[in-house]
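>
Numbering (the numbering used here), first residue to last: 179 to 368.
1. Run through DSSP, which three-state label would residue 197 get?
2. Could you name the residues of the same chain whose beta carbon sits closer than 7 Å to that of residue 225, not counting the 5 residues immediately before and after it, in chain order?
3. Can you tell which of 280, 294, 319, 321 has the C-alpha that lies nearest to the C-alpha of residue 342?
4. With C-beta atoms as the reference, is residue 351 less than 8 Å away from residue 335?
5. At which residues does the alpha helix (DSSP H) containing residue 231 begin and terminate?
6. Can you give the beta carbon distance from residue 212 to residue 222, rounded, assuming they're within the 8 Å contact cut?
7. Could you check what DSSP says for residue 249 in three-state terms: helix, strand or coil?
8. According to DSSP, simplified to helix, strand and coil, what is residue 287?
9. Classify residue 205 as helix, strand or coil using the three-state DSSP reduction.
Here you go:
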């Protein structure tokens, strides 16, 4: 493929994931990713700051989708219901990508540097959720607690989805986690 062909970013993401799975993240230089994608290293760096970021390129989109879902939640929704709407929207993004999401997570789980980067991206998602909740006139403390809780729910449900037998959707697992959290909070309040 020539470098003028469309979807350079997508080709780089696919090439990187393939190479990370085949060789391991640390053993894969940017030059090999670019070569596999039929592009130059310069093109790689036009799209990604470093070889870690190629795995996290969708983070901004995830934040945007979640913030829009919070804003679009009914006016009567509680902060957690609005956050649950965001999680449902996030699940749609992950589910539509399917196997590449699972492969990507395997690469991340195998590398401490990538796990650290993932935590940074999740913190950014929490900030975006809190900001969206504040946009619904939720007080700062409630917005921050709800956002952090939602990210925790996402982490648990996502882990169950990745590691599970594939019988349930991420949306189903998220709903189950939200219900379990509600039951735990109700029990603690007694």
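Just so it is clear, CB atoms sit at the ideal spot from N, CA and C, and this is done for glycine as well. No experiment lies behind these values; they were computed from the predicted model shown.
On the basis of the data shown:
1. Position 19 of the chain shown holds residue 197. The answer is helix: DSSP assigns residue 197 an H, G or I state.
2. Here the question's residue 225 lines up with position 47 in the chain shown. 186, 187, 190, listed in sequence order.
3. Along the chain shown, one-based indexing puts residue 342 at 164. Selected option, being the one with the closest Cα: 280.
4. As a position in the chain shown, residue 351 is number 173, starting the count at 1. As a position in the chain shown, residue 335 is number 157, starting the count at 1. Taking 8 Å as the Cβ cut-off, residue 351 and residue 335 qualify as a contacting pair.
5. Sequence index remark: in the chain shown, residue 231 carries index 53 (1-based). First-last for residue 231: undefined, no H or E at that position.
6. As a first step, residue 212 must be located in the chain shown, where it is residue number 34. As a first step, residue 222 must be located in the chain shown, where it is residue number 44. That pair is a contact at about 5 Å.
7. Position 71 of the chain shown, counted from the first residue, corresponds to residue 249. Here residue 249 sits in helix by DSSP.
8. Residue mapping note: residue 287 aligns to position 109 of the chain shown, counting from 1. Reduced to three states, the DSSP call for residue 287 is helix.
9. Here residue 205 refers to the residue found at position 27 when the chain shown is read from its first residue. Residue state for residue 205 is assigned as coil, using DSSP reduced to three classes.
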